[in-house]
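For reference, the structure discussed in these notes is given below.
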Amino acid sequence: MQMMCDAANPGAAGPVNIWQETLPVRFGAIDKSDRLTLDAVFQFFQEAAISHAENLGVGREAMARAGQGWILSRISVQVDRRPRYGETVMVRTWPRGGEKLFAVRDFDIRDKDDIPVISARSGWIIVDIEKRRPLRPQSVMDTLPLNDGLNALTSGPVGLAERPNLTKTGERKALYTDVDYNGHVNNVRYIQWIEDAVEPQFLETAEKMRLDINYLSEILSGEVIEILSAPFEDDSGAAEPSVRAFAFEGRKTGNGSSGQAAFRAELRLLS
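149 is the number that the numbering used here gives to position 149 of the sequence shown; each next residue is one higher, with no gaps.
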């Protein structure tokens, strides 16, 4: 049986193939519907991934000594049920080998009955910290467990093409609270920007969700991002007629980078 992990001391029990920790759904992680928000899901996943990297000896300080760092490049998240305030959930994550330049990492969130209610697959790149250029991940990936056959999602993370007919819905400037230790806007903040571009009632009434996002270019402090979006007809094969689907793109507006895509995302909501 997999043991519980200690986020305060990730290496305490030695390396584990699957990182798992039990957490309550707290007040700051819910919306008006009393259920977990999508950005809170990303926050759970981010913290679990950081802890597991530390546990496996490829955390922040170890990578920095080699002049390297982890950057989330793309992630697909499927929400089948949104846990409610006060529920206790188990957050799990594990590496799944590599695909070309990507190191693949899966996640899930399980309820008290050990049923997965949220699943995700992510692609990370290893970058040269000084040159800000991607490196081949094999030298790091060869030291990590493969967890062969243990799939949270059978597809994803997907590459997203630019969609036509996007219209501007707002702008966001990268401020102090947006920027993380790596010196750029944190991956969770992008999700909050996307949520803020959707009618609140669509998110509050959604029973299920699917978000695919590609992080294309880092956003630095002070940069202004133009948020564009448009609804589209869902072609994912969902049988339900009540799927609302939206495409998003964030574009830089500053001199020298105007029009450069910083992220693309697709959000599907099932009420």
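We put the beta carbon where it would ideally sit given N, CA and C, even for glycine. Bear in mind the structure is a predicted one, so any value in this text is a computation, not a measurement.
State buried or exposed for residue i, treating a residue as buried only when at least 16 other CB atoms are found within 10 Å of its CB.
i, result
"residue 258", "exposed"
"residue 1", "Because the pLDDT of residue 1 is 49, which lies under 50, any placement of that residue in the model is unreliable, and the question is left without a value."
"residue 155", "exposed"
"residue 200", "exposed"
"residue 98", "buried"
"residue 164", "exposed"
"residue 209", "buried"
"residue 172", "buried"
"residue 186", "buried"
"residue 114", "exposed"
"residue 176", "exposed"
Between residue i and the rest of its own chain, which residues show a CB-CB distance below 8 Å, the 5 nearest in sequence each way excluded?
i, result
"residue 153", "76, 78, 106, 119, 120, 121"
"residue 280", "The structure shown does not extend to residue 280, since the chain spans only 1 to 271, so no value can be given for it."
"residue 27", "85"
Which same chain residues, not among the five before or five after residue i, have their C-beta less than 7 Å away from its C-beta?
i, result
"residue 132", "none"
"residue 188", "39, 42, 43, 46"
"residue 191", "38, 39, 42"
"residue 211", "38, 77, 265, 267"
"residue 29", "36, 37, 40"
"residue 8", "none"
Identify, in the order they occur along the chain, each residue of the same chain with its Cβ nearer than 6 Å to the Cβ of residue i, setting aside the five sequence neighbours on each side.
i, result
"residue 248", "194, 229, 265"
"residue 87", "25"
"residue 231", "246"
"residue 12", "6"
"residue 116", "108, 110"
"residue 37", "31"
"residue 251", "226, 259, 261"
"residue 10", "51, 54, 55"
"residue 178", "185, 189"
"residue 214", "74, 160, 264"
Taking the straight line between their C-alpha atoms, what separation do you get for residue i and residue j?
i, j, result
"residue 207", "residue 102", "31 Å"
"residue 254", "residue 198", "25 Å"
"residue 83", "residue 125", "30 Å"
"residue 138", "residue 130", "20 Å"
"residue 159", "residue 49", "21 Å"
"residue 271", "residue 205", "6 Å"
"residue 263", "residue 111", "31 Å"
"residue 15", "residue 128", "25 Å"
"residue 168", "residue 225", "11 Å"
"residue 17", "residue 256", "44 Å"
"residue 135", "residue 73", "13 Å"
"residue 183", "residue 150", "33 Å"
"residue 242", "residue 233", "11 Å"
"residue 148", "residue 67", "29 Å"
"residue 71", "residue 61", "14 Å"
"residue 217", "residue 180", "15 Å"
"residue 219", "residue 35", "30 Å"
"residue 202", "residue 244", "8 Å"
"residue 222", "residue 100", "33 Å"
"residue 161", "residue 269", "20 Å"
"residue 4", "residue 174", "36 Å"
"residue 140", "residue 64", "13 Å"
"residue 166", "residue 196", "16 Å"
"residue 104", "residue 157", "9 Å"
"residue 95", "residue 69", "16 Å"
"residue 170", "residue 33", "25 Å"
May I ask you to check if the CB of residue i is nearer than 7 Å to at least one heavy atom of the ligand SAH?
i, result
"residue 228", "The ligand SAH is absent from the structure shown, which contains no ligands of any kind."
Exercise. Would you call the segment 41-59 and the segment 132-146 touching, i.e. three or more CB-CB distances under 8 Å?
Worked result: yes
Exercise. Between the segment 87-102 and the segment 12-24, do three or more beta carbon pairs fall short of 8 Å?
Worked result: yes
Problem set entry | Minimum length 4: unbroken alpha helix (DSSP H) runs contained in the segment 153-211 | 187-196, 200-205
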